[in-house]
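Protein chains in written order, with this note's numbering: chain A, 1206 to 1910; chain B, 1206 to 1910. Think of the CB as a built atom: it goes at the ideal place given N, C-alpha and C, for glycine as much as any other residue. Here the structure is a predicted model, which means the values were calculated and not measured.
There are 2 protein chains.
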Amino acid sequence: MYNYKTECNNSLFSLFMEKQKLSTLFSPKSVAIVGASDKEGKVGTAITENVMKLGYEGKVFLVNPSYESLHGQKCYKSLIEIEDGVDVAVVVVPAKFVLDVVRQSADKVKNFVIISAGFSEIGKDGVQREGELALLAKQKGLNVLGPNCLGFINPKINLNASFAAGMPEKGNIAFVSQSGALLVAALDIAKKEGLKFSSLFSVGNKMQMSEIELMEELGNDKDTKIIGMYLEGINDGKAFIETASRVSQKKPIVILKAGKTEKSQKAISSHTGALSGSDEIMDAVFEKTGVIRANNLEDFFEMLEIISSSAAPQNEKVAVITNAGGAGVLATDAFKGRSVKLADFSDKVKGELGKNLPEEGSVENPIDVLGDAAEDRYAHALETIAKEDIGTTLCILTPQEKTPVGKIAEVIIDFKKKTDKVVAAAFIGGGLVEEAVSKMKEAGIPTFAFPERAVGILDQYYKWSQRKGSEKRLKGKEDCSERKGIVAGIINHAKEEGKKALRFDDAAKIMALYGINAIESHYFKQGEEVPEGMKYPVVAKIDSDRILHKTDQKALVLGIKNSQELSDALEDLWNRFPGEEILVQPMLSKGTELILGINRDEVFGSIVVAGLGGIYTEIFKMVDFFVPPMNHEDIVGKLSEGKTAFLFAGARGQEAFDADEVANVIGAIMEFAGEVPEAREFDINPMFIYNNGEKAVAVDVKIIF
Amino acid sequence: MYNYKTECNNSLFSLFMEKQKLSTLFSPKSVAIVGASDKEGKVGTAITENVMKLGYEGKVFLVNPSYESLHGQKCYKSLIEIEDGVDVAVVVVPAKFVLDVVRQSADKVKNFVIISAGFSEIGKDGVQREGELALLAKQKGLNVLGPNCLGFINPKINLNASFAAGMPEKGNIAFVSQSGALLVAALDIAKKEGLKFSSLFSVGNKMQMSEIELMEELGNDKDTKIIGMYLEGINDGKAFIETASRVSQKKPIVILKAGKTEKSQKAISSHTGALSGSDEIMDAVFEKTGVIRANNLEDFFEMLEIISSSAAPQNEKVAVITNAGGAGVLATDAFKGRSVKLADFSDKVKGELGKNLPEEGSVENPIDVLGDAAEDRYAHALETIAKEDIGTTLCILTPQEKTPVGKIAEVIIDFKKKTDKVVAAAFIGGGLVEEAVSKMKEAGIPTFAFPERAVGILDQYYKWSQRKGSEKRLKGKEDCSERKGIVAGIINHAKEEGKKALRFDDAAKIMALYGINAIESHYFKQGEEVPEGMKYPVVAKIDSDRILHKTDQKALVLGIKNSQELSDALEDLWNRFPGEEILVQPMLSKGTELILGINRDEVFGSIVVAGLGGIYTEIFKMVDFFVPPMNHEDIVGKLSEGKTAFLFAGARGQEAFDADEVANVIGAIMEFAGEVPEAREFDINPMFIYNNGEKAVAVDVKIIF
């Protein structure tokens, strides 16, 4: 089992130390604005007005050496001039003055929001400036949000310490944005869609306070039910995994991660590297940590809306009520391939439903209350299906000639008050449904413009509720130092010989230390005779770090049946690759080919990649990503739900393969990845696995350093 | 080559006969309403008011035996009482009176819109009633829209001959809906989204006038630029393919097809049946015919909007302008896996772009004009990139503190007037962008709430523009009657023997008639000795229609190396399957396995399914659907773009396989499918193909009747 390194625990420790202080920053009793102004169009003016005029009841101090007074109150020359305590200083002076401001007051003020741009985002000079600021903050024990950010908003205390206009409604959504512009757009969308916030943060350059610290803080914030984040990068992958896994047990985290497109691939000589783009790894990390990934901005806001207003569906069963058959069919289509399912109703409930419906209606799910339905048919259907064990009810409406849209909305709102199940609505239309939709939103009913979107978003919410809590905490396992020493010796020896990759026999020795079974091998030096007593058939191949793709370069002879054929093969290979040692191995009965390897991800560390091998590996991409830490049970679980699940379930006319055996190999590779960082690239390709009792065997192992 | 049957040509002929008349129905100079009323809440009243009060300038006749006058004008007892000609009669009387109304007046009135429900949708009695109506219509040469429909709307002549309220704006979208409720919802959404229509049709039960007739009619309607359809079923698959292929050459057809989820699979003994759900076939048909498939209601309306207002992108290159970096990254993400691409700008253009941008802006695509951008930066960027060969420009905006949203919208509108390229906008926000979005819509600029949606919809539009025109008309090929006769003889003989499937040798004979190479075979009757001179290795298997899955039932012995082993194998098989003949075939060097077969689709006829075989066929689903008619070139083209394209392109370390050879087999199966309808199920599984010059060979062929 893979275990975290010590720096990870350190960073956790420091988080806990700062926790108390962070809440002082975000719920301050006093705010100072350094760079306060009243000149039209200045950022300092916007912030000053936001802090002073939107109802914040704490003390506000204005700081600007150019003014004696501002906005009708005293203006200080500097922070240190202020006699009272200052919980947080919002700094909006030009970048070149920021360090001085902070340095001067660092003994008095411990929390800073640095709005000013001109730091690492502008290149070399800015990077240096930010470095100095970070060092100062560390030395003085400061909390810093930003620099190059919009600030933050805490609607509960009516504090808008940002230059985004307005005060959003108080609610339970915390929104963290790495883009200030999207935060502004979100505020505007929120107003239209009725989203309500516990807090909003623009994290800017994330010099010190990043998604990690904020997840931790917001995880403990009782006013926050859901944490929504827009992120362009993740600073510390391991801390992210640890923190997100823990916080998502308590409350849902929805992340819109920008930057899906692949970076241009570095030169990669192992296959597993080529199989995994950074986005697939991100998916695996989000899945592992229980984070809900929003695919786009639209999904993101809809996820926030539904989670903000509803508990997660208690089960996968959904009942749909519609006044249009067509819309019901479209909703039914949307369930294809989802975890949430259309519920089957009992005969009793169907009978009951029928009592208040004309014959043409449908008592099957979706319930069709017909185009002339008034509110009574919706009410009756809602109350009847409440008797079933349904997780979610979705009410679809089209505004037909006689449809009392508003009254139907009221019926749904009334029903919602009486139930702890999810009630959602998709009223399809424009002006005719607008008012009803607003009322339902106001009453905490998640609404969707189209039924298909409702089903998709409900599905994500339900999947999250199933996934969270499935993660087990792992005990760290001690490093096996003896094993590490042996491996290091082998690799160092090869390095001294100028090699870039291990010979197969050396790699096989290392595999044995990790309990991985590799194929037997016998090496022939140039000119060496074929000994008697060898078992045939065998395979002969060049084993050199200069020849990584043996098939392509015809450095491989298969199906050698006797000693004469072997002599011929050796001669042929030496003719073409003079001086190379030749590796001879038994030719195994062909098993199902797996490929297993390590992806050394820059952010998330070593990820194990495992899946179906063979010549079409890269076309089928039937591989999964195993993100440490995982115990054996986790790995088996992931195998049984992953891309190669069919192997372990048994397919038509085929015995199941042993998931435990493969999980052991994956677990061992995870240990190897952690213990042997000098192995830059690693893969087993192929590993043959059998479903007839034969033991899995690594046929080729590449360890590149 | 597959050729249409004669009834297909007949139906085409009858379409052309009716064309003139249909336009009389939809652009009538006079309308009679049978069942006109003025009682509140009656459908007849709604229609009467819609026809009379929304600006229609033709003559309106009201018919209702209960009134002398209605709405201030004479009310007739029946249609025949009316002295003037009646171009169309809208009938809203109860179902039981409809036949009488039509029968009485069928010599006077030729066009009917039957609003009344109570026909095939209510079951047995209704089916009979609808059958009588259809017969009457045929005998009297009538055109009938409906029954059980909402009617139709022709905004150009201000005629709303439906009971949906209001008059949509005149425009170029024709909307055909199989759901009346969705038509009503569409009208309401249209008002909000600024969609404008040439006509709207509710087709109801599609007794006579279906998507086929309307596609034909609307294809020739000069006021219609785009045909949008919501369909729950397709009546005549072959006519659909023929008509849609032809009409989509002239104008885009966007279809939202409801009913994606699978019908419960019938008992299927061939693999190809299990591989193809009806939805995959629908996809293949839409692709073949050049129809744009909308995945959901939201996509549907957005496709209508963009096509209505813009020409298709002239090339795949898209330029993006944004005032928020984050939104630019999200847009970039959305291009992943699309046909449309972010354009690369020339150095000259980048230099030019830089002249009007602060240093922090980006002159790479997406162009980041920064958060403080006023309209001048958008204008300069738009004009500069107009110098590049760009197909589409997408303008993204977030409403930041200083963003002049309205002025930027004006700049975009002005630019649109000067260019024939696609200009689209995604203004992300709520109230702050609402007015600007409306103005842009009004000016014919497609707008999207989120940049990711813009990219997705643009991509579909671009793909359509590339696909249309790629279809070639085929000459029909004469049936090969001689071959048909031989095949019928073989099958009849087997039927007489009580068989349900052909023996391999018979199937191989048929394959030979179609130029398909099947493996040699030799049969052994129980007790028969193994002759000398056989070539080994061989395979022995039971060949019986009682044993369709040979591997599962261990009715197969592989790798028989000499006559002794063969004798043993025969004895073993006869012990377990007494009396069965045993088929012995050479054991071939294993090629890449394909599976090929026929899916007899209820709607679209015989579709050839072809793809990768082997034990994981059903897991990988690497199969494509070949919808006749196709010529050799079409088939090769589809193979080279389909799921198994990698075989024919050559993969790493692997020679390419011969697409021509596989296309010949597919073409031959298409002919077989057309000529031998008695073959209820058919598949070749596996066919071995080789990339070393060896000829492809069918190893097993199943013909079930």
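Can you tell me the Cα-Cα spacing of Gln1731 of chain A and Glu1701 of chain A, whole angstroms?
-> Position 526 of the first sequence holds residue 1731 of chain A. Position 496 of the first sequence holds residue 1701 of chain A. Going by the C-alpha atoms only, they are around 22 Å apart.
May I ask you to check if the CB of Phe1809 of chain A is nearer than 7 Å to at least one heavy atom of the ligand NAP?
-> No copy of the ligand NAP occurs in the structure displayed, which carries no ligand at all.
Taking only the alpha-carbon atoms, compute the straight-line gap between Lys1264 of chain A and Lys1646 of chain A and give it to the nearest angstrom.
-> Residue 1264 of chain A sits at position 59 when you count from the first residue of the first sequence. Residue 1646 of chain A sits at position 441 when you count from the first residue of the first sequence. Whole-angstrom Cα-Cα distance: 35 Å.
Own chain, CB closer than 6 Å to Arg1708 of chain A, minus 5 neighbours either side, in chain order | Residue numbering aside, residue 1708 of chain A sits at position 503 when the first sequence is read from its first letter. Asp1748.
Are the beta-carbon atoms belonging to Ala1631 of chain B and Ile1662 of chain B less than 8 Å from one another?
-> Position 426 of the second sequence, counting from 1, holds the residue named residue 1631 of chain B. Position 457 of the second sequence, counting from 1, holds the residue named residue 1662 of chain B. The answer is no: Cβ separation not under 8 Å.
Using Cβ-Cβ distances below 9 Å, what residues of the segment 1419–1446 of chain A are close to chain B?
-> Tyr1435 and Glu1437
Could you check the C-alpha separation between Leu1761 of chain A and Val1789 of chain A for me, to the nearest Å?
-> The residue labelled residue 1761 of chain A in the question sits at position 556 within the first sequence. The residue labelled residue 1789 of chain A in the question sits at position 584 within the first sequence. If you take the alpha carbons of Leu1761 of chain A and Val1789 of chain A, they lie about 10 Å apart.
Cβ neighbour criterion (16 or more within 10 Å) applied to Thr1598 of chain A | Locating residue 1598 of chain A in the first sequence gives position 393, counting from the first residue. Result: buried.
Under 8 Å between beta-carbons, which chain A residues line up against Leu1387 of chain B? List them in chain order, please.
-> Working through the second sequence from its first residue, we reach residue 1387 of chain B at position 182. Going along chain A in sequence order, the residues near Leu1387 of chain B (Cβ under 8 Å) are Ala1529, Gly1531, Ala1532, Thr1603 and Ile1633.
Using a Cβ-Cβ cut-off of 7 Å (strictly less than) and excluding sequence neighbours within five positions of Glu1565 of chain A, which residues of its own chain qualify?
-> By one-based count along the first sequence, residue 1565 of chain A stands at place 360. Hits under 7 Å: Leu1575.
Note down the Cα distance separating Ile1874 of chain B from Phe1302 of chain B, rounded to an integer number of angstroms.
-> As a working mapping, residue 1874 of chain B is identified with position 669 in the second sequence. As a working mapping, residue 1302 of chain B is identified with position 97 in the second sequence. Their backbone Cα atoms lie some 51 Å apart in a straight line.
Lys1535 of chain B touches chain A at which residues, Cβ-Cβ below 8 Å?
-> For the purposes of this step, residue 1535 of chain B is taken as the residue at position 330 of the second sequence. The residue you asked about is not Lys; residue 1535 of chain B is Leu in the sequence shown. What Leu1535 of chain B touches in chain A: Leu1461, Ala1463, Asn1501 and Leu1502.
As assigned by DSSP and simplified to three states, the class of Tyr1895 of chain A = By one-based count along the first sequence, residue 1895 of chain A stands at place 690. Looking at Tyr1895 of chain A - three-state DSSP - the assignment turns out to be coil, as it is neither helix nor strand.
When we look at the beta-carbon of Thr1624 of chain B and count the other beta-carbons within 10 Å, is it buried (16 or more) or exposed?
-> In the second sequence, the residue the question calls residue 1624 of chain B occupies position 419. Looking at its Cβ environment, which holds fewer than 16 other Cβ atoms inside 10 Å, Thr1624 of chain B is exposed.
Amino acids of chain A, ordered along the chain, whose beta-carbon sits closer than 7 Å to that of Gly1636 of chain B | As a position in the second sequence, residue 1636 of chain B is number 431, starting the count at 1. In chain order: Asp1393, Lys1396 and Lys1397.
Determine, using beta carbons only, whether Ala1614 of chain B comes closer than 8 Å to chain A.
-> As a working mapping, residue 1614 of chain B is identified with position 409 in the second sequence. So, not an interface residue.
Short-range partners of chain B found in the segment 1643–1663 of chain A, where Cβ spacing is below 8 Å = Ala1654, Phe1655, Pro1656, Glu1657 and Arg1658
For Arg1805 of chain B, which residues from the same chain have a beta carbon less than 6 Å from its beta carbon, with the 5 sequence-adjacent residues on both sides left out?
-> In the second sequence, the residue the question calls residue 1805 of chain B occupies position 600. The answer, listed in chain order, is Ser1811.
Taking C-alpha atoms, which residue in A:Phe1266, A:Asp1289, A:Lys1644 and A:Asp1441 lies nearest to Lys1281 of chain A?
-> The count along the first sequence starts at 1 and reaches residue 1281 of chain A at position 76. It is worth fixing the name first, because residue 1281 of chain A is Tyr in this sequence and not Lys. Nearest C-alpha to Tyr1281 of chain A: A:Phe1266.
Could you confirm whether any beta carbon from chain A is found closer than 8 Å to the beta carbon of Ala1699 of chain B?
-> The count along the second sequence starts at 1 and reaches residue 1699 of chain B at position 494. No, Ala1699 of chain B does not count as interfacial toward chain A.
Of all the options A:Ile1460, A:Gln1454 and A:Ser1415, which has the alpha carbon lying nearest to the alpha carbon of Asp1441 of chain A?
-> Mapped onto the first sequence, residue 1441 of chain A falls at position 236. Closest by alpha carbon: A:Ser1415.
CA-CA distance, Asp1428 of chain B and Pro1457 of chain B?
-> Working through the second sequence from its first residue, we reach residue 1428 of chain B at position 223. Working through the second sequence from its first residue, we reach residue 1457 of chain B at position 252. Roughly 13 Å separates the two Cα atoms.
Going by DSSP, what residues sit across from Tyr1583 of chain B in a beta bridge?
-> Within the second sequence, the letter at position 378 stands for residue 1583 of chain B. In DSSP, Tyr1583 of chain B forms no bridge with anything.
Rounded distance between the beta-carbons of Ala1300 of chain A and Lys1345 of chain A, thought under 8 Å = In the first sequence, residue 1345 of chain A corresponds to position 140, counting from 1. In the first sequence, residue 1300 of chain A corresponds to position 95, counting from 1. Actually they do not touch by this definition, with Cβ atoms about 19 Å apart.
Name, please, each residue of chain A whose Cβ falls closer than 9 Å to the Cβ of Gly1566 of chain B.
-> Along the second sequence, one-based indexing puts residue 1566 of chain B at 361. Correct list: empty, because the minimum Cβ distance to chain A is about 12 Å.
Nearest-angstrom beta carbon gap, Asn1255 of chain B and Asn1365 of chain B [assumed within contact, 8 Å] = Stepping through the second sequence from its first residue, residue 1365 of chain B is reached at position 160. Stepping through the second sequence from its first residue, residue 1255 of chain B is reached at position 50. 4 Å between Cβ atoms; contact.
Could you work out which residues of chain A lie near Gly1576 of chain B, taking near to mean beta carbons separated by less than 8 Å?
-> Here residue 1576 of chain B refers to the residue found at position 371 of the second sequence. Within chain A, the residues near Gly1576 of chain B are Gly1385 and Ala1386.
Euclidean distance between Cα positions of Ile1432 of chain B and Asn1520 of chain B | Residue numbering aside, residue 1432 of chain B sits at position 227 when the second sequence is read from its first letter. Residue numbering aside, residue 1520 of chain B sits at position 315 when the second sequence is read from its first letter. When rounded, the distance between both Cα atoms is 23 Å.
Residue burial classification, Val1870 of chain A (beta-carbon count within 10 angstroms, cutoff 16) = Position 665 of the first sequence, counting from 1, holds the residue named residue 1870 of chain A. Val1870 of chain A comes out buried.
Please decide whether Glu1606 of chain B counts as near chain A, where near means a Cβ-Cβ distance under 8 Å.
-> Your numbering for residue 1606 of chain B matches position 401 in the second sequence. Judged by the 8 Å Cβ criterion, Glu1606 of chain B is in contact with chain A.
Which residues does DSSP pair with Asp1806 of chain B in a beta bridge?
-> Your numbering for residue 1806 of chain B matches position 601 in the second sequence. Asp1806 of chain B pairs with B:Gly1810.
Could you tell me which of A:Gly1559, A:Ala1342 and A:Ala1884 sits nearest to Ala1699 of chain A, measuring between CA atoms?
-> Counting from one through the first sequence, the residue named residue 1699 of chain A turns up at place 494. For the residues A:Gly1559, A:Ala1342 and A:Ala1884, the minimum Cα distance to Ala1699 of chain A belongs to A:Ala1884.
Limits of the alpha helix (DSSP H) - the one that Met1420 of chain A falls within = As a position in the first sequence, residue 1420 of chain A is number 215, starting the count at 1. Looking at the DSSP string, the run of the alpha helix (DSSP H) that includes Met1420 of chain A is Glu1416 to Gly1424.
If Ile1617 of chain B and Tyr1666 of chain B are in contact, beta carbons under 8 Å, what's the gap, nearest whole angstrom?
-> Start at 1 with the first residue of the second sequence, and residue 1617 of chain B comes out as number 412. Start at 1 with the first residue of the second sequence, and residue 1666 of chain B comes out as number 461. Not really, about 19 Å apart at Cβ, beyond 8 Å.
Do you know offhand how far Phe1893 of chain A's Cα is from Met1792 of chain A's?
-> To locate residue 1893 of chain A, count along the first sequence from 1; it is residue 688. To locate residue 1792 of chain A, count along the first sequence from 1; it is residue 587. Cα-Cα distance, rounded: 12 Å.
Taking the CB atoms as reference points, tell me whether Asp1393 of chain A and Pro1609 of chain B lie closer together than 8 Å.
-> Taking the first residue of the first sequence as position 1, residue 1393 of chain A is located at position 188. Taking the first residue of the second sequence as position 1, residue 1609 of chain B is located at position 404. Result no, Cβ atoms of Asp1393 of chain A and Pro1609 of chain B do not sit closer than 8 Å.
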